[in-house]
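*Asks:* When the count follows our numbering, it moves up by one through the sequence shown with no breaks and lands on 832 for the last residue.
Take this structure first; my questions come after.
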Amino acid sequence: MSIVFASLNHPQRVVLAAEVHSRPFLQLTRSETLTHLAVYVREDGNGSRHASAQHALLDDLCAHFGVVAPGGEAKHFYHDFGRFRLKWECHTEFATYTFAQAHEEAISTDDAFARAPLAHIPQQWLISLKGKLMVAAHVVVEPGDDDPADTARQMQRIFEGKLMSSSKVLQGGEIWTDFKIQSDGFSRFIVRDIGLRELQGGRLAQRILEIETYRMMALLGLPHAQQSGPLLNEIEGDLAALTAAMVQSEQSTGGTPEEQAEDERVLRKITGLAARIEKLSLENSYRFSASQAYFRLVQARIEELREQRIEGVPTIGEFMERRLAPAMNTCQAIARRQEALAERIAHTNDLLRTRIGIVQEQQNRQILESMNARAAQQLKLQQAVEGLSVAAISYYVIGLIGYAGKAAKAAGLPINPDLATGLVVPVVAACVWLGLRRMHKGLGNH
């Protein structure tokens with residue numbers, strides 16, 4: 387039973403199945419010249435801007451030759467323009483243009499570089515790449531022989547660099563390059579077909595161009611690392627000075643206004659250092675991560691070549707290990723240094739905040755102790771006032787009783803007002819004291 391109904395498919399099935407076939411190798415003859423351009427457009431955090439800018443460049447090129455350009459969502463494009471073939475790929479940060487031109491008859495290597503397909507590209511379009519070109523390389527695919535001495539002499543004449551890199555690859559090919567930008571502004575690669583099987587030439591050429599492109603993209607992190615080094619030195623110096631100031635002030639109590647102001651000043655400076663290191667990390671984190679990702683791709687592509695040494699010449703893997711790996715190690719070292727410095731600043735910040743918190747707790751305890759002392763004084767004063775209140779109230783109550791006794795004596799009752807007043811004094815005082823106590827207890831319960 388075959389699946390004939392499109393409605394049975396998951397919406398992404400066809401797209402995902404085609405993805406593994408979306409970037410095929412160029413099919414190259416044994417005599418071919420390629421021009422490879424990698425165009426970098428800074429996206430400033432806006433991926434859609436990057437894609438639209440890359441598609442605009444491709445649209446202009448296709449419009450010049452009257453060819454229909456791919457849609458805005460396309461990530462790859464291939465077309466035979468007659469005089470040359472174009473393979474275009476859009477990546478996260480850059481797009482690559484690989485122009486290939488086959489030669490009907492074998493030509494010398496010098497003539498092959500002179501007849502690169504770049505000659506067919508409109509100059510106005512090339513001018514529009516100003517400030518955007520990250521990689522420009524020529525690749526010559528030619529049949530080779532097994533005379534290593536003659537080959538070495540020929541390569542010394544073709545390449546301007548004194549240090550070349552070469553190896554036997556894929557059990558039938560040779561690669562020669564110096565990874566140097568020549569006087570014409572292009573780096574050069576020679577792929578010699580000694581016994582490559584069908585399609586291996588295109589695969590080998592693409593691997594070489596990917597190594598060159600990812601190598602240059604990986605190195606974009608090196609300027610960031612070099613610029614960050616002095617900034618990290620400055621931040622580390624400021625942090626060391628602030629830490630030394632904290633150590634010198636440890637013997638003090640930190641309770642005086644001057645000492646508190648000094649702690650707050652140091653805290654503000656440490657917070658400023660934390661902001662500076664965070665800003666630096668945000669500026670570098672993406673670039674360093676991208677550089678490491680590109681470096682891993684370079685290493686993967688080199689492994690796929692399965693290199694075999696040509697005596698007297700370093701392999702591409704050895705060349706990258708000596709020239710590219712140290713730059714990537716520098717980026718990694720700066721990234722680790724940023725993280726370590728951020729942790730040290732955070733730790734110092736926590737220590738100072740703890741110190742300030744302890745001082746504040748001591749001040750709060752002193753305030754509470756003084757409040758307790760004042761409350762005790764107020765209680766004693768209140769108790770003294772209560773004693774006076776008992777005496778005053780008792781005095782007035784006894785006076786009233788005295789007046790009542792005198793009135794009763796004047797009315798003819800057999801009462802001695804002075805004796806009666808004297809007898810009721812302790813009773814009145816006790817009653818007033820008990821009444822005030824009960825009233826205070828009632829207020830305390832509420």
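Virtual Cβ for every residue (Gly too), placed ideally from N, Cα, C.
#1: On a Cα-Cα basis, can you pick out the residue from Ser780, Leu590, Asp624 and Ser552 that is closest to threonine 415?
#2: Leaving out the 5 sequence neighbours to the left and right, which residues in its chain are closer than 8 angstroms to glutamate 693 when beta-carbon positions are compared?
#3: Which stretch, first to last residue, makes up the beta strand (DSSP E) that contains glutamine 586?
#4: Roughly how many angstroms separate the alpha carbons of methionine 714 and glutamate 479, rounded to a whole number?
#5: Spatial neighbours of serine 780 within its chain, please: C-beta separation below 8 angstroms, excluding the five flanking residues on both sides.
#6: Take glycine 849 and list the residues in its own chain whose beta-carbon comes closer than 8 angstroms to its own, dropping the five residues that flank it on each side.
#7: How should aspartate 564 be labelled, buried or exposed, when 16 other C-beta atoms within 10 angstroms of its C-beta is the threshold for buried?
#8: Count the other CB atoms, across all protein chains shown, that sit within 10 Å of the CB of histidine 610; report buried if there are 16 or more and exposed otherwise.
#9: Buried or exposed: where does glycine 821 fall if 16 or more other Cβ atoms within 10 Å of its Cβ makes it buried?
#10: By the DSSP assignment, the beta strand (DSSP E) with proline 616 in it spans what residues?
#11: Considering only the beta carbon of each residue, do histidine 506 and phenylalanine 463 sit closer than 9 angstroms?
#12: Determine the DSSP secondary structure at glutamate 729, reduced to helix, strand or coil.
#13: Have a look at the DSSP bridge pairing and note the partners of histidine 465.
#14: So, under 8 angstroms CB-CB, glutamine 724 and serine 667 are touching, yes? Tell me the CB distance rounded to an integer number of Å.
#15: To which residues does DSSP link glutamine 718 through a beta bridge?
#16: Where does leucine 668 sit, in a helix, a strand or coil, going by DSSP?
#17: Quick check on leucine 737: buried or exposed, where buried means 16 or more other Cβ atoms within 10 Å of its Cβ?
#18: Taking its Cβ as the centre, do 16 or more other Cβ atoms sit within 10 Å of glycine 431, making it buried, or is it exposed?
#19: Roughly how many whole angstroms lie between the Cα atoms of alanine 726 and alanine 439?
#20: Quick check: the stretch 535–549 against the stretch 591–605, are at least 3 beta-carbon pairs closer than 8 angstroms?
#21: Mapping the DSSP letters down to three states, classify glycine 431 as helix, strand or coil.
#22: May I ask you to report which of helix, strand or coil DSSP gives aspartate 570?
#23: Give the straight-line distance between the Cα atoms of alanine 778 and isoleucine 801, rounded to the nearest whole angstrom.
#24: Closer than 7 angstroms by C-beta to serine 775: which residues in its own chain qualify, once you throw out the five before and the five after it? Chain order, please.
#25: Out of curiosity, what's the CA-to-CA distance linking leucine 625 and alanine 679?
#26: Given this structure, state the Cα-to-Cα distance separating valine 699 from valine 401, to the nearest angstrom.
#27: Give me the Cα-Cα distance between glutamate 471 and phenylalanine 485, rounded to the nearest whole angstrom.
#28: What did DSSP end up calling arginine 760 once you bin it into helix, strand or coil?
#29: Going by other Cβ atoms of all chains shown within 10 Å of its Cβ, with 16 needed for buried, is isoleucine 753 buried or exposed?
#30: Under 6 angstroms Cβ to Cβ from valine 525, same chain only, skipping five residues before and after it: list those, please.
#31: For a quick check, are the C-beta atoms of arginine 730 and aspartate 649 less than 9 angstroms apart?
#32: Can you name the residues that DSSP bridges to aspartate 579?
#33: Please tell me whether, using a cut-off of 8 angstroms, the distance from the CB of alanine 815 to the nearest non-hydrogen atom of the ligand FAD is below it.
#34: Cα separation between serine 614 and alanine 631?
#35: Check whether the stretch 681–690 touches the stretch 781–788, taking contact to mean three or more Cβ pairs, one atom from each stretch, closer than 8 angstroms.
#36: Spatial neighbours of methionine 387 within its chain, please: CB distance less than 7 angstroms, with the 5 preceding and 5 following residues excluded, ordered by chain position.
*Replies:* By the coordinates alone:
#1: Leu590
#2: Ser553, Lys554, Val555, Thr701, Ile702 and Gly703
#3: No beta strand (DSSP E) holds glutamine 586; the alpha helix (DSSP H) holding it covers 586–604.
#4: 19 angstroms
#5: Val811, Val814, Ala815 and Val818
#6: The requested residue 849 does not occur in the structure, where the chain is confined to residues 387 to 832.
#7: Around the beta-carbon of aspartate 564, 16 or more other beta-carbon atoms lie within 10 Å, marking it buried.
#8: Histidine 610 counts as buried, since at least 16 other C-beta atoms from the protein chains shown sit within 10 angstroms of its C-beta.
#9: exposed
#10: No beta strand (DSSP E) contains proline 616, which is instead part of the alpha helix (DSSP H) from 607–634.
#11: no
#12: helix
#13: Leu472
#14: So it is a contact: roughly 5 angstroms between Cβ atoms.
#15: Residue pairing for glutamine 718: DSSP places it in no beta bridge.
#16: Look at leucine 668 here: in three-state DSSP terms it is helix.
#17: exposed
#18: For glycine 431, the pLDDT reaches just 49, beneath the cut-off of 50, and the residue's location in the model is therefore unreliable, although a value from the coordinates is still provided. Answer is exposed; the Cβ neighbour count stays below 16.
#19: 38 angstroms
#20: no
#21: Any reading at glycine 431 must be qualified, since the residue scores a pLDDT of 49, below 50, and its modelled position is unreliable; no value is offered.
#22: coil
#23: Computed Cα separation, rounded: 25 angstroms.
#24: Leu822
#25: 32 angstroms
#26: 45 angstroms
#27: It is worth fixing the name first, because residue 471 is arginine in this sequence and not glutamate. Rounded to the nearest angstrom, the two C-alpha atoms are 6 angstroms apart.
#28: helix
#29: With fewer than 16 other Cβ atoms within 10 Å, it is exposed.
#30: Leu420, Phe575 and Ala591
#31: no
#32: Pro529 and Gly559
#33: No copy of the ligand FAD occurs in the structure displayed, which carries no ligand at all.
#34: Straight-line Cα distance between these residues: approximately 26 angstroms.
#35: no
#36: Residue placement at methionine 387 is flagged as unreliable, the pLDDT there being 48, under the threshold of 50; a coordinate-derived value is accordingly withheld.
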